[in-house]
Amino acid sequence: MKIGITCYPSMGGSGIIATELGIKLAERGHDVHFITSNIPFRIRKPLPNITFHQVEVNQYAVFRYAPYDITLSTKIAEVIDEYDLDILHMHYAVPHAVCGILGRQMAKKKDVKIMTTLHGTDITVLGYDHTLRNGIKFGIEQSDLVTSVSNALAQQTYDIVQPDKDIVTIYNFVRETEFETKHDESLKAYYNIQPEEKVLIHVSNFRKVKRIDTIIDTFAKVRAEQPAKLLLLGDGPELMDMKAKVHEMNLQDDILFLGKQDWVSEFYQMADLVLLLSEKESFGLTLLEAMKTGVVPIGSNAGGIKEVIKHGETGYIVDVGDSDAASRYALQLLNDQELYQRLQSNMLTDIEQRFGSELITDQYEHYYQQLIEGVYD
Numbered sequence: 000m001k002i003g004i005t006c007y008p009s010m011g012g013s014g015i016i017a018t019e020l021g022i023k024l025a026e027r028g029h030d031v032h033f034i035t036s037n038i039p040f041r042i043r044k045p046l047p048n049i050t051f052h053q054v055e056v057n058q059y060a061v062f063r064y065a066p067y068d069i070t071l072s073t074k075i076a077e078v079i080d081e082y083d084l085d086i087l088h089m090h091y092a093v094p095h096a097v098c099g100i101l102g103r104q105m106a107k108k109k110d111v112k113i114m115t116t117l118h119g120t121d122i123t124v125l126g127y128d129h130t131l132r133n134g135i136k137f138g139i140e141q142s143d144l145v146t147s148v149s150n151a152l153a154q155q156t157y158d159i160v161q162p163d164k165d166i167v168t169i170y171n172f173v174r175e176t177e178f179e180t181k182h183d184e185s186l187k188a189y190y191n192i193q194p195e196e197k198v199l200i201h202v203s204n205f206r207k208v209k210r211i212d213t214i215i216d217t218f219a220k221v222r223a224e225q226p227a228k229l230l231l232l233g234d235g236p237e238l239m240d241m242k243a244k245v246h247e248m249n250l251q252d253d254i255l256f257l258g259k260q261d262w263v264s265e266f267y268q269m270a271d272l273v274l275l276l277s278e279k280e281s282f283g284l285t286l287l288e289a290m291k292t293g294v295v296p297i298g299s300n301a302g303g304i305k306e307v308i309k310h311g312e313t314g315y316i317v318d319v320g321d322s323d324a325a326s327r328y329a330l331q332l333l334n335d336q337e338l339y340q341r342l343q344s345n346m347l348t349d350i351e352q353r354f355g356s357e358l359i360t361d362q363y364e365h366y367y368q369q370l371i372e373g374v375y376d
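Numbering (numbering that gives the first Met the number 0), first residue to last: 0 to 376.
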């Protein structure tokens, strides 16, 4: 198959999944064409069967804002015709699905099929904007097939946007070779983490919905009873407020703000617990990455998190904002090695069975083929 993929090429979950899927498809012999503003950051070197088509947006005085959507649509049309694409896989309903639909209309080849994957922000944030909702609905309904990264997000899409379209859930995955289960003592020494200290970790873009304050409160209660460090990876609008909170609580020696990190697997390898206590979360890819590395999770009951974690079997789920319950579960896990190992073993088995890269790629490949053969309605 000849597959065009459009995504944001940055570190966000949608860009990661789109890129990793493209790499898996290329490894299977498909011709993959990334139509993006930059080379996706997970592509570190030239790879067989992958071609990158850059969308260069020029600034013109006639436009108040750079015309990204029109430029992207035009590039998509060019790639469809030049490379005779079979499938366009657009990640996000707006702007990408809409651009894919417009690009198909511009192209000479009109029978290219469009799959759109919803990742979260296009629904849970943009969907509430009445100026965008009809555009989102249009992008969904005019796609040939729509997928969602969780059942929770699919339901939110029906509730918020109300499209007349079936939505298929296909979960996210991680590259197994990138996230390996091992312990890294050398990095612990670099950050002056003592052997008796447990390590908790959180990775995000530091937006308010990530509830970093709840994570800090949870850690404070753990630290009161157990030597520990909290690693906070990422950057964003809440960063300075959270640093101020840490200083007010006099925890600056135990909470390490490590900024954005392109490769987080080595940090997961020295962690004991991963915390994701968001009030909105469509899937929770950072959870899956940490879990694949062997780190047991504690998550909130928001969105797709409860689909990733099986409460009491592969980790624990708490109500949004409940730092008391999160800290209790954390201390149980940190102080009961048998419990920790049992949940860790269950977790690794569950990841292989439900979130394996081959399994998820098979699912996408199956639907691509159905679209091409015209058997999916």
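Virtual Cβ for every residue (Gly too), placed ideally from N, Cα, C.
Out of the options, which one is the CA nearest neighbour of residue i?
| i | options | result |
| --- | --- | --- |
| Pro296 | Met346, Glu278, Gln336 | Met346 |
| Tyr59 | Thr156, Thr70, Ile49 | Thr70 |
| Gln336 | Leu272, Asn37, Leu286 | Leu272 |
| Ile359 | Ile16, Cys6, Thr5 | Ile16 |
| Lys107 | Val97, Glu81, Val124 | Glu81 |
| Glu280 | Gln343, Lys209, Leu125 | Lys209 |
| Ile211 | Glu195, Thr180, Ala223, Asp240 | Asp240 |
| Thr313 | Val319, Pro162, Gly320, Gly298 | Gly298 |
| Gln331 | Leu276, Ile159, Glu224 | Glu224 |
| Thr50 | Gly320, Arg132, Tyr64, Ala25 | Ala25 |
| Leu131 | Thr213, Asp83, Pro94, Thr176 | Pro94 |
| Ser356 | Val374, Arg27, Ala219, Gly11 | Arg27 |
| Val294 | Phe282, Asp321, Glu278, Val263 | Val263 |
| Leu338 | Ser322, Gly311, Thr123, Gln352 | Gly311 |
| Gln193 | Ala227, Arg222, Lys220 | Ala227 |
| Thr35 | Thr180, Cys98, Leu46 | Cys98 |
| Leu46 | Glu55, Ala289, Leu101, Val31 | Val31 |
| Thr180 | Val54, Ile2, Ala289, Gln369 | Ala289 |
Taking the CB atoms as reference points, tell me whether residue i and residue j lie closer together than 8 angstroms.
| i | j | result |
| --- | --- | --- |
| Val111 | Ile79 | yes |
| Glu265 | Leu333 | no |
| Gly21 | Phe33 | yes |
| Asn191 | Gly235 | no |
| Ser147 | Glu306 | no |
| His88 | Ile166 | no |
| Leu152 | Gly303 | yes |
| Tyr367 | Met0 | yes |
| Ala325 | Leu284 | no |
| His29 | Asn57 | no |
| Ser142 | Ile113 | yes |
| Leu229 | Ile254 | yes |
| Thr168 | Pro162 | no |
Give every residue of the same chain whose Cβ lies closer than 6 angstroms to the Cβ of residue i, excluding the five residues on either side of it in the sequence, and list them in chain order.
| i | result |
| --- | --- |
| Met269 | Asp183, Leu186, Lys187, Val198 |
| Ile371 | Asp85 |
| Lys291 | Val173, Phe178, Ile350 |
| Leu231 | His201, Phe256 |
| Gln260 | Leu232 |
| Tyr315 | Ile297, Tyr328 |
| Gly320 | Thr213 |
| Gln251 | Val245 |
| Ala96 | Met89, Thr115, Gly138, Ser142 |
| Lys380 | A question about residue 380 goes unanswered here, because the residues of the chain that appear run from 0 up to 376. |
With burial defined as no fewer than 16 other Cβ atoms inside 10 Å of the residue's Cβ, what is the status of residue i: buried or exposed?
| i | result |
| --- | --- |
| Lys23 | buried |
| Thr217 | buried |
| Glu237 | buried |
| His246 | exposed |
| Tyr127 | exposed |
| His365 | exposed |
| Ser344 | exposed |
| His129 | exposed |
| Arg63 | exposed |
| Arg43 | exposed |
| Thr18 | buried |
| Leu125 | buried |
| Gly119 | buried |
| Tyr267 | buried |
| Gly12 | buried |
Grab me the residues of residue i's own chain with a C-beta within less than 7 angstroms of its C-beta, minus the 5 sequence neighbours each way, in chain order.
| i | result |
| --- | --- |
| Ala92 | Thr115, Leu117, Asp121, Ile135, Gly138, Ile139 |
| Ile38 | Pro8, Phe51 |
| Lys309 | Asp349 |
| Gly14 | Cys6, Tyr7, Pro8, Pro39 |
| Met377 | Given a span of 0 to 376 for the chain in the structure shown, any question on residue 377 remains unanswerable. |
So, at 8 angstroms on beta carbons, what are the nonlocal neighbours of residue i in its own chain, with the 5 sequence-adjacent residues on each side left out?
| i | result |
| --- | --- |
| Leu287 | Asn171, Phe172, Val173, Val307, Ile350, Phe354 |
| Asp318 | Ser299, Asn300, Ala324 |
| Ile215 | Leu229, Met241, Lys244, Val245, Met248, Leu250, Ile254 |
Check whether chain D comes within 8 angstroms of residue i, counting only Cβ atoms and requiring the distance to be less than that.
| i | result |
| --- | --- |
| Arg27 | Considering every chain present, this structure includes no chain D. It has just one protein chain. |
Check your understanding: At which residue ranges does the stretch 209-249 contain complete beta strand (DSSP E) runs of 3 or more residues, listed in the order of the chain?
Key -> Look at the stretch 209-249 and you find these whole runs of beta strand (DSSP E), each 3 residues long or longer: 227-232.
Exercise for review: Within the stretch 5-71, note down every full beta strand (DSSP E) run reaching 3 residues or more, in order along the chain.
Suggested key: Uninterrupted beta strand (DSSP E) stretches at least 3 residues long and entirely within the stretch 5-71 occur at 30-35, 49-53, given in chain order.
Practice item. Pick out the complete alpha helix (DSSP H) segments inside the stretch 76-138, 4 residues or longer, and give them in chain order. Key: 97-105, 120-123
Point to revise | Contained beta strand (DSSP E) runs [length at least 3] in the stretch 271-316, N- to C-terminal order | key: 272-275, 295-299
Check your understanding: Where are the alpha helix (DSSP H) runs, 4 residues long or more, that stay fully inside the stretch 156-196, in chain order?
Key -> 184-189
Review point. Of all the alpha helix (DSSP H) runs that stay within the bounds of the stretch 325-361, which reach a length of 4 or more residues?
Key: 336-354
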